[in-house]
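Scroll down for the structure; my scribbles are underneath it.
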Amino acid sequence: MTLKNITVLGSGIMGHGIAQVAATAGYNIVLRDIEQQFLDKAMEKIKWSLDKLASKEKISQQEADSIYSRITPIVDLKEAVKDAQMVIEVVPEIMDLKKKVYAELDSIAAKDVVFASNTSTLPITEIANTTSRPEKFIGIHFFNPPQLMKLVEIIPGEKTSQEIIDLTQEFVKSVNKTAVLCRKDVPGFIVNRLFIPMVHEACYIKDRTGASLEEIDSAVKFKLDFPMGIFELADFTGMDVIHKATVEMHMRDKKVILPHPTVEKMFDEKKLGQKSGEGFYKYSDDKYERVTLSQELAEKVNPIQLVANILNNAAWLVTNGASDIEEIEKAAQLGLGLKKPLFETAKEIGISNIVNELNQLAEKNGEFYKPDPLLISMQ
Ligand SMILES: NC(=O)c1ccc[n+]([C@@H]2O[C@H](COP(=O)([O-])OP(=O)(O)OC[C@H]3O[C@@H](n4cnc5c(N)ncnc54)[C@H](O)[C@@H]3O)[C@@H](O)[C@H]2O)c1
1 MTLKNITVLG
11 SGIMGHGIAQ
21 VAATAGYNIV
31 LRDIEQQFLD
41 KAMEKIKWSL
51 DKLASKEKIS
61 QQEADSIYSR
71 ITPIVDLKEA
81 VKDAQMVIEV
91 VPEIMDLKKK
101 VYAELDSIAA
111 KDVVFASNTS
121 TLPITEIANT
131 TSRPEKFIGI
141 HFFNPPQLMK
151 LVEIIPGEKT
161 SQEIIDLTQE
171 FVKSVNKTAV
181 LCRKDVPGFI
191 VNRLFIPMVH
201 EACYIKDRTG
211 ASLEEIDSAV
221 KFKLDFPMGI
231 FELADFTGMD
241 VIHKATVEMH
251 MRDKKVILPH
261 PTVEKMFDEK
271 KLGQKSGEGF
281 YKYSDDKYER
291 VTLSQELAEK
301 VNPIQLVANI
311 LNNAAWLVTN
321 GASDIEEIEK
331 AAQLGLGLKK
341 PLFETAKEIG
351 ISNIVNELNQ
361 LAEKNGEFYK
371 PDPLLISMQ
């Protein structure tokens with residue numbers, strides 16, 4: 001099949017961005033939402049973004065106009081999917097809602113239409129099995145904002161056919177993104193499995209060592225070569241997203257994450273991060289604002305527990321056949337912005353030191369910290 005016509009279901013934060021990215025690559029896009037006002041807002045944002053690219057001379061105004069003209073906003077679902085070859089679903093992360101949307105979609109869309117879900121944490125196989133076409137169902141996880149983020153995780157469900165995996169990989173390449181295949185439908189896929197648990201570990205480090213947010217973040221940035229501190233990244237992502245991902249991942253697998261109560265508390269108190277003006281840090285307005293971190297502050301914290309946590313989850317992905325080291329490094333670089341490969345940092349610290357750290361943490365705090373067999377074998 002040569003893909004040409006794609007329907008994007010949901011025009012929110014991710015949906016309008018994905019529509020823009022795919023239209024830029026030449027696809028004919030139908031953008032569907034439940035109310036015209038949502039679509040109007042989304043089309044306005046797309047226009048603003050394309051005009052900005054034109055004003056910066058990244059594309060010509062003519063190109064901007066023709067990309068925009070390839071996106072057709074439609075509310076009526078039947079009309080929206082009548083020519084679709086692939087539907088990318090980008091509706092809110094609520095399992096019951098997704099299932100309802102797929103039940104309706106499945107009864108309307110032609111039998112050969114591919115269903116691709118942008119879910120961050122929900123199980124692909126479970127959603128796929130509610131449709132009549134699990135072999136044509138796949139996870140396609142873009143990152144926020146889709147216009148800028150290079151990475152897309154592709155997650156086949158248990159029954160997804162090789163043909164659909166290949167088609168999706170080709171599609172991702174054609175929209176100028178880098179695909180990383182998460183071979184198994186595991187909680188958190190690759191990037192969230194690495195990132196979300198670290199937020200909780202950082203909270204435990206704060207409790208256990210008494211270090212400040214800035215000291216821990218400085219160590220993450222300057223010693224581990226992250227683009228920003230872990231608390232900063234959490235505030236940027238939003239405590240609503242982190243809390244939801246935590247609940248989903250922990251429900252499916254107790255080994256992936258040891259939830260620290262702070263995250264749920266902050267979510268309950270609506271301390272959502274930059275978007276609400278307060279998260280781990282306080283922000284004077286909702287503009288992107290950097291916290292002051294320094295080499296000097298970094299010296300106060302040994303971030304080995306964080307490295308041990310992320311490495312243990314990375315090793316779990318390899319041991320359980322969901323990924324391999326090369327793909328994990330690609331995902332960490334493009335999805336988390338890591339400047340240095342994870343396993344390189346680990347080797348500098350010493351894999352034996354990391355295994356020792358995990359064993360000590362396991363002794364004090366329980367089984368969760370037990371080192372993965374891959375790390376033990378790499379010593
Ligand atoms: N926001 C992120 O950072 C991010 C990153 C990666 C993946 N995701 C995933 O993308 C999905 C969407 O997230 P979002 O942040 O864009 O949400 P959002 O709330 O910004 O947008 C969702 C849109 O879907 C619409 N919608 C609801 N029911 C619909 C239906 N039946 N048909 C069509 N549209 C419908 C809503 O009106 C809304 O406009 C979720 O699965 C989320 O986990 C989000």
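Going by the numbering used here, the first residue of the sequence shown is number 1, and it counts up by one from there. Heads up, the beta-carbon is just placed ideally off N, CA and C, and yes, glycines get one too. Being a predicted model, the structure only gives us computed values, none of them experimental.
CA-to-CA distance, A308 to K58, given in whole angstroms
If you number the sequence shown from 1, residue 58 lands on position 58. If you number the sequence shown from 1, residue 308 lands on position 308. Distance between the alpha carbons of K58 and A308: 42 Å.
Let me know if N118 comes out buried or exposed under the rule of 16 or more other beta-carbons within 10 Å of its beta-carbon.
Working through the sequence shown from its first residue, we reach residue 118 at position 118. When all chains shown are included, N118 counts as buried.
Are there any heavy atoms of ligand 1 lying less than 7 Å away from the beta-carbon of M14, as far as the coordinates show?
The residue given as residue 14 occupies position 14 in the sequence shown. Answer for M14: yes, Cβ within range of ligand 1.
Would you give the residue range spanned by the alpha helix (DSSP H) that N5 belongs to?
The residue given as residue 5 occupies position 5 in the sequence shown. Looking at the DSSP string, N5 is not in any alpha helix (DSSP H); the run it does join, the beta strand (DSSP E), is 5–9.
Going by CA-CA distance only, name the one from A103, A219, S276 that's closest to P134.
Translated into positions along the sequence shown, residue 134 becomes position 134. Selected option, being the one with the closest Cα: A103.
Take every Cβ of the stretch 44–62, pair it with every Cβ of the stretch 172–179, and state whether three or more of those distances are shorter than 8 Å.
no
Would a C-beta distance cut-off of 8 Å place E85 and L3 closer than the cut-off?
In the sequence shown, counting from the first residue as 1, residue 85 sits at position 85. In the sequence shown, counting from the first residue as 1, residue 3 sits at position 3. Going by the sequence as given, residue 85 is Gln instead of Glu. Closer than 8 Å, so yes.
For the stretch 108–116 and the stretch 141–150, state whether three or more C-beta atom pairs, one from each stretch, are separated by less than 8 Å.
no
Assuming E329 and F343 form a contact by the criterion Cβ under 8 Å, report the distance between their Cβ atoms to the nearest whole angstrom.
For the purposes of this step, residue 329 is identified with residue 329 of the sequence shown, where counting begins at 1. For the purposes of this step, residue 343 is identified with residue 343 of the sequence shown, where counting begins at 1. 7 Å between Cβ atoms; contact.
Spatial neighbours of T125 in its chain, beta-carbon cut-off 8 Å, leaving aside the 5 residues before and after
In the sequence shown, residue 125 corresponds to position 125, counting from 1. For T125, where only same-chain residues beyond five positions count, the Cβ hits under 8 Å are P134, G157, E158, K159, D185.
Nearest CA to the CA of T209: which residue from P303, A179, L151, A42?
Taking the first residue of the sequence shown as position 1, residue 209 is located at position 209. Answer by Cα proximity: P303.
Are at least three pairs of beta-carbons, each pair with one atom in the stretch 195–212 and one in the stretch 253–263, less than 8 Å apart?
yes
When every heavy atom of ligand 1 is checked, does at least one fall within less than 7 Å of the C-beta of S107?
The residue you call residue 107 lines up with position 107 of the sequence shown. For ligand 1, not one heavy atom lies less than 7 Å from the Cβ of S107.
Close beta carbons around E327, own chain, < 6 Å, minus the five adjacent residues each side:
Counting from 1 along the sequence shown, the entry for residue 327 is found at position 327. So the qualifying residues of the chain are V180.
Which complete alpha helix (DSSP H) runs does the stretch 158–203 hold, if anything under 4 residues is left out?
162–174
Within 10 angstroms of its Cβ, does Q274 collect 16 or more other Cβ (buried), or is it exposed?
Against the sequence shown, residue 274 aligns to sequence position 274. It is buried - the Cβ of Q274 has at least 16 other Cβ atoms within 10 Å.
Using only alpha-carbon positions, find the residue among E264, D207, P187 that is nearest to N320.
Walking along the sequence shown from the start, residue 320 turns up at place 320. Of the candidates E264, D207, P187, the one whose C-alpha sits nearest the C-alpha of N320 is P187.
Can A19 and I71 be called in contact, C-beta distance under 8 Å?
In the sequence shown, counting from the first residue as 1, residue 19 sits at position 19. In the sequence shown, counting from the first residue as 1, residue 71 sits at position 71. In this structure, I71 lies closer than 8 Å to A19 by Cβ.
CA-CA distance, V101 and V8?
Taking the first residue of the sequence shown as position 1, residue 101 is located at position 101. Taking the first residue of the sequence shown as position 1, residue 8 is located at position 8. The alpha-carbon atoms of V101 and V8 are separated by roughly 13 Å.
Compare the Cα-Cα distances from R193 to each of A331, S284, I216, I354 and report the closest residue.
Residue mapping note: residue 193 aligns to position 193 of the sequence shown, counting from 1. The option with the nearest alpha carbon to R193 is A331.
Which residue wins for smallest C-alpha separation from R290, given the options A314, K370, F280?
Here residue 290 corresponds to residue number 290 of the sequence shown, with the count starting at 1. The residue with the shortest Cα to Cα distance from R290 is F280.
Which term fits G366, buried or exposed, when burial requires 16 or more other beta carbons within 10 angstroms of its beta carbon?
By 1-based counting over the sequence shown, the position of residue 366 is 366. Here G366 is exposed, its C-beta having fewer than 16 other C-beta atoms within 10 Å.
Between which two residues does the alpha helix (DSSP H) holding V307 run?
Your numbering for residue 307 matches position 307 in the sequence shown. 304–319 is the span of the alpha helix (DSSP H), which, as asked, contains V307.
If you draw a straight line from the alpha carbon of M228 to that of E214, how long is it in whole angstroms?
Position 228 of the sequence shown, counted from the first residue, corresponds to residue 228. Position 214 of the sequence shown, counted from the first residue, corresponds to residue 214. Roughly 11 Å separates the two Cα atoms.
R32 bridges to which residues according to DSSP?
As a position in the sequence shown, residue 32 is number 32, starting the count at 1. Per DSSP, L9, I74.
Regarding P92 and ligand 1, is the C-beta to nearest heavy atom distance less than 7 Å?
Sequence index remark: in the sequence shown, residue 92 carries index 92 (1-based). Within the cutoff, so yes.
Span of the alpha helix (DSSP H) holding M1?
By 1-based counting over the sequence shown, the position of residue 1 is 1. Unbroken run through M1: none, as it is neither H nor E.
With 16 other Cβ atoms within 10 Å as the buried cut-off, status of S294
Reading the sequence shown from its first residue, position 294 is the one you call residue 294. Exposed, since its Cβ has fewer than 16 Cβ neighbours within 10 Å.
So I155 and G139 are supposed to be a Cβ contact under 8 Å. How far apart are they, rounded?
For the purposes of this step, residue 155 is taken as the residue at position 155 of the sequence shown. For the purposes of this step, residue 139 is taken as the residue at position 139 of the sequence shown. Their Cβ separation, rounded to whole angstroms, is 3 Å, which keeps I155 and G139 in contact under 8 Å.
Just the C-alpha distance for V256 and Y283, rounded to the nearest angstrom, thanks.
Along the sequence shown, read from residue 1 onward, the residue named residue 256 stands at position 256. Along the sequence shown, read from residue 1 onward, the residue named residue 283 stands at position 283. Going from the Cα of V256 to the Cα of Y283 covers about 31 Å.
Inter-residue spacing [alpha-carbon to alpha-carbon] between A15 and F231
Within the sequence shown, numbered from 1, the residue matching residue 15 stands at position 15. Within the sequence shown, numbered from 1, the residue matching residue 231 stands at position 231. Checking the displayed sequence, the identity of residue 15 turns out to be Gly instead of Ala. When rounded, the distance between both Cα atoms is 27 Å.
Write down the C-beta distance between I205 and L306 rounded to the nearest angstrom, noting that I regard them as a contact closer than 8 Å.
Position 205 of the sequence shown, counted from the first residue, corresponds to residue 205. Position 306 of the sequence shown, counted from the first residue, corresponds to residue 306. I205 to L306, Cβ: 7 Å. Contact.
Could you spell out the range, first to last residue, of the alpha helix (DSSP H) harbouring E395?
The question about residue 395 has no answer, for the chain in this structure spans 1 to 379.
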